[in-house]
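Engineer: Positions in the sequence shown are counted from 1; adding 8 to them yields my numbering. Idealized CB from N, CA, C, for every residue including glycine. None of the values given here were measured: they were computed from a predicted structure. Dropping a structure here in structure tokens format, bear with me for questions.
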Amino acid sequence: MREVREEHTRQGLHAHLDLARIEREARSCFHRAHALRERFFTFVQCGIGGSALGNVAVHTALPGNRSVLVLDNLDPDSFPTFAQGLDRTFFHVVSKSGETLETLAQFLIVTEVLEGALGPRWREHIVVTTSRRDSALAQVCEQQGIEMLSLEPRLGGRFSYMSPVGLLSLAFAGRDPMALVRGARAAAERCLSERSPALAYALLLQRMLEAGRRIAVFWPYSERLWGLALWWRQLLAESLGKRCDLEGNEVRLGPCPYPALGASDQHSVHQLFMEGPDDKWFTFVELAHYQRRVRVPERYGEHPSFARIGGRELGEIMRAELRGTRHALEQAGRPCAALRLGRLDEETVGALLMTLECVITFAGKLLHVDPYDQPGVEAGKRATRALLEREGEAVTEAQRILSALAPDPGWVFAAGAEPQPPAGAGGAEAESGQAAGRD
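What follows is the structure, encoded as structure tokens:
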């Protein structure tokens, strides 16, 4: 803990703890968003991974009074057409490297649509945030006169919500970025104190890994916190899933995060959690005060099943389900932890984000790995780029990649046709087709 504080103070490490920068950028985003709200009704965030998941987490938890849409994929069946309302729509394109393939594709689609619909004034509807001014994205922005915002180069994408990456859309939605920063500041002070909740949770994570419990279930009992669970999945997996430690020794460690949603997933995966492999540990996220109060009517009280819930609020029932589920897991010998939140507002969400980021910083120290890099994702990116090249040596590389892919062992389904086994699959059960219908 003291080491982390000194590294940040003296060496400028742990960029997510730079609260002076965060406050400065929050003020800037607040003023910029105020001007945007006078012209635009919809805000579209284009990005993927850390450029999107923090926004999904916060806007799910804190919906505002303006529409914010986060584009975090390239699925053509879900990609918007933007056929209407472009004159009242603003786009924020985020790529830390300025070379992210998915974000570049989004950028090309969005700029073509804007230019075709709005003519010369299309540039007023877009801003780009990136760290690298020598990237392809930044160079095109310079050529086209598109405004750019800077992203702190030392700030990893998955730690970048408290920057223009997330604070601009938060302010546009009518939420208070300064309140979120106040929560983050208070949490940072607690996490760097002698009684650090982040260090306690990081120590628990370390103990669970040492005990062979590699699956970390994160289980909020609030749909407003589901986006947070997805953000935490990325933060935990990319930060701590490492092949080598800081000395270069091969360690192959890291937790496998599993997000679950209460109470829904009591009826999907709880059976596995109770009686399946004993390789998991659980973090329940409890919300003390839900935004709405919905009361169950008192009817048919002659039936105990109805009498039990009649007159109670849904939030009360949700809390009982969380505690009952946790009790059952603990009685079955499954370790559980709990995060308890009072109510969901900007300060609470800012504190929660900062606390979980500090957990990762401490866990990196305890596990002796770098929590800020992600070397394992580069191989897939290189292969994808090669497969999309049209000429040169990369075409040969693409052919090599395709020929090296293992044969697909799965069933092949076609609309209106019976499932067929893959070439080379044998066995009486496969030939008879009985396997495809088994529950």
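Have a look at Ala296, Leu212 and Cys54 and flag the residue whose alpha-carbon is nearest the alpha-carbon of Lys288.
Structural biologist: Leu212
Engineer: Per DSSP, what kind of secondary structure is Gln382 in: helix, strand or coil?
Structural biologist: Gln382 carries a coil assignment under DSSP once its states are collapsed to helix, strand and coil.
Engineer: Quick check on this structure: which residue in Glu246, Arg183, Met216 and Pro312 has the alpha carbon closest to the alpha carbon of Met386?
Structural biologist: The residue asked about is misnamed: residue 386 is Glu in this sequence, not Met. With distances taken between Cα atoms, Glu386 lies closest to Glu246.
Engineer: For the candidate residues Leu21, Leu337 and Asp83, whose alpha-carbon lies nearest to that of Phe290?
Structural biologist: Leu337
Engineer: Hey, out of Arg334, Arg348 and Met170, whose CA is closest to Arg32's CA?
Structural biologist: Met170
Engineer: Fully enclosed by the region 147-212, which alpha helix (DSSP H) runs are 4 residues long or longer?
Structural biologist: 172-180 and 185-199
Engineer: If I measure Cβ to Cβ from Ile30 and keep anything under 6 Å in the same chain, skipping five residues before and after, which residues do I get?
Structural biologist: Met170 and Val189
Engineer: Is the distance from the Cβ of His297 to the Cβ of Arg334 below 8 Å?
Structural biologist: no
Engineer: Helix, strand or coil for Gly350, going by three-state DSSP, please let me know.
Structural biologist: strand
Engineer: Residues in the same chain with beta-carbon distance under 8 Å from Leu238, minus the five sequence neighbours each way, listed in chain order, please.
Structural biologist: Around Leu238: Leu61, Val64, Ala65 and Pro267.
Engineer: Would Glu397 and Ala406 be called neighbours here (beta carbons separated by less than 8 Å)?
Structural biologist: yes
Engineer: Report yes if the CB atom of Leu145 is closer than 8 Å to the CB atom of Ser204, and no otherwise.
Structural biologist: no
Engineer: Among the candidates Ser59, Glu306 and Ala187, whose CA atom is the shortest distance from the CA of Asp353?
Structural biologist: Ala187
Engineer: With DSSP collapsed to three states, give me the class of His67.
Structural biologist: helix
Engineer: On the DSSP letters alone, give me the boundaries of the beta strand (DSSP E) that Phe98 sits inside.
Structural biologist: Thr97 to Val102
Engineer: State buried or exposed for Thr89, treating a residue as buried only when at least 16 other CB atoms are found within 10 Å of its CB.
Structural biologist: exposed
Engineer: Taking contact to mean 3 or more Cβ pairs, one atom from each stretch, closer than 8 Å, check whether the region 247-266 and the region 370-386 are in contact.
Structural biologist: yes
Engineer: Is the separation between the beta-carbon of Tyr229 and that of Gly164 shorter than 8 Å?
Structural biologist: no
Engineer: With distances taken Cα to Cα, identify the nearest neighbour of Leu175 among Glu231, His42 and Ala219.
Structural biologist: His42
Engineer: Kindly indicate which three-state DSSP category Ile30 falls into: helix, strand or coil?
Structural biologist: helix
Engineer: With Phe281 as the anchor, note down where its beta strand (DSSP E) starts and where it stops.
Structural biologist: Here Phe281 belongs to no beta strand (DSSP E); instead the alpha helix (DSSP H) covers His278 to Glu283.
Engineer: Excluding five sequence neighbours on each side, which residues of the same chain lie with their C-beta closer than 6 Å to the C-beta of Glu110?
Structural biologist: Cβ within range, chain order: Ile56 and Leu82.
Engineer: Check Phe314 in the structure and name its three-state DSSP category.
Structural biologist: Note: Phe314 maps to helix in three-state DSSP.
Engineer: What do you reckon, is the C-beta of Pro263 under 7 Å from a heavy atom of the ligand GTP?
Structural biologist: Ligands displayed in this structure: none; no statement on the ligand GTP is therefore possible.
Engineer: Comparing alpha-carbon positions, which option in Glu107, Ala28, Gly358 and Val259 lies nearest Arg393?
Structural biologist: Glu107
Engineer: If Val136 sits next to Thr97, beta carbons under 8 Å apart, how far is it from one beta carbon to the other, in whole angstroms?
Structural biologist: The Cβ separation is near 16 Å, so there is no contact.
Engineer: Would you say Gly309 and Gly318 are within 8 Å of each other, going by their C-beta atoms?
Structural biologist: yes
Engineer: Which of the three DSSP states, helix, strand or coil, is assigned to His133?
Structural biologist: In the structure shown, His133 sits in a helix (DSSP, three-state: H, G or I).
Engineer: Please state if the CB of Ala179 and the CB of Pro185 are separated by a distance shorter than 8 Å.
Structural biologist: yes
Engineer: Would you mind reading off the limits of the beta strand (DSSP E) that contains His297?
Structural biologist: Lys288 to His297
Engineer: Taking just the CA atoms, how far does Phe115 sit from Gly329?
Structural biologist: Reading off the sequence, residue 329 comes out as Glu, not Gly. So the two alpha carbons sit approximately 44 Å from each other.
Engineer: The alpha helix (DSSP H) spanning Gln114 covers which residue range?
Structural biologist: Leu109 to Leu126
Engineer: Among residues of its own chain, excluding the 5 on either side of Val101, which ones have a beta-carbon nearer than 6 Å to its beta-carbon?
Structural biologist: Cβ neighbours of Val101 beyond the five flanking positions: Cys54, Phe115 and Val136.
Engineer: Using the beta-carbon count (16 or more within 10 Å), is Ala224 buried or exposed?
Structural biologist: buried
Engineer: Which class does Ala436 belong to by DSSP, given the choice of helix, strand or coil?
Structural biologist: For Ala436, the pLDDT reaches just 38, beneath the cut-off of 50, and the residue's location in the model is therefore unreliable, leaving the point undetermined.
Engineer: When the Cα atoms are used, what is the spatial distance from Glu401 to Ala28?
Structural biologist: 47 Å
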